[in-house]
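Visitor:
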Amino acid sequence: MYFIYCYVPESHLELVKQALFDAGAGQLGNYNQCCWQTEGTGQFCPDQPAKPFIGNAGELTTLTEYKIELACHADYIDAARDALLRAHPYETPAYSIHSINT
61 MYFIYCYVPE
71 SHLELVKQAL
81 FDAGAGQLGN
91 YNQCCWQTEG
101 TGQFCPDQPA
111 KPFIGNAGEL
121 TTLTEYKIEL
131 ACHADYIDAA
141 RDALLRAHPY
151 ETPAYSIHSI
161 NT
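If you're matching positions, the sequence shown starts at 61 in my numbering and goes up one per residue.
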């Protein structure tokens, strides 16, 4: 079992969640599409060669983002990571995947 954590701008929250669910993440027992999301403020300053989805290279950007947390069985973790990267609008999405014991 794994936990996936990622940060998503509000504009793509539902799209990224649905991509993860469609890939098999978010299943807990007899329940599916399970996740936890919290709203917060993210910030970043893209370097000059970056092509940011939001903001401009060389300028500090702050924006509302959501942290998504969801469980994923080992059988689906590769598909879930691929789905996250395809659906996420950022050039370099901030995410982490952690193995857990249940």
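Here a beta-carbon is modelled for each residue, glycine too, at the ideal position from N, C-alpha and C.
#1: For residue 107, tell me which candidate among 152, 162, 159 has the shortest Cα-Cα distance.
#2: Buried or exposed for residue 120, going by 16 or more other Cβ atoms inside 10 Å?
#3: Can you tell me the Cα-Cα spacing of residue 82 and residue 105, whole angstroms?
#4: If contacts are defined as beta-carbon pairs under 8 Å, then residue 102 and residue 132 qualify, I think. What distance do you get, rounded to the angstrom?
#5: Am I right that residue 95 and residue 77 are in contact with their C-beta atoms under 8 Å? What's the rounded C-beta distance?
Guide: On the basis of the supplied data:
#1: Of the candidates 152, 162, 159, the one whose C-alpha sits nearest the C-alpha of residue 107 is 152.
#2: exposed
#3: Roughly 32 Å separates the two Cα atoms.
#4: Actually they are not in contact, since the Cβ atoms of residue 102 and residue 132 sit about 23 Å apart, beyond 8 Å.
#5: 6 Å
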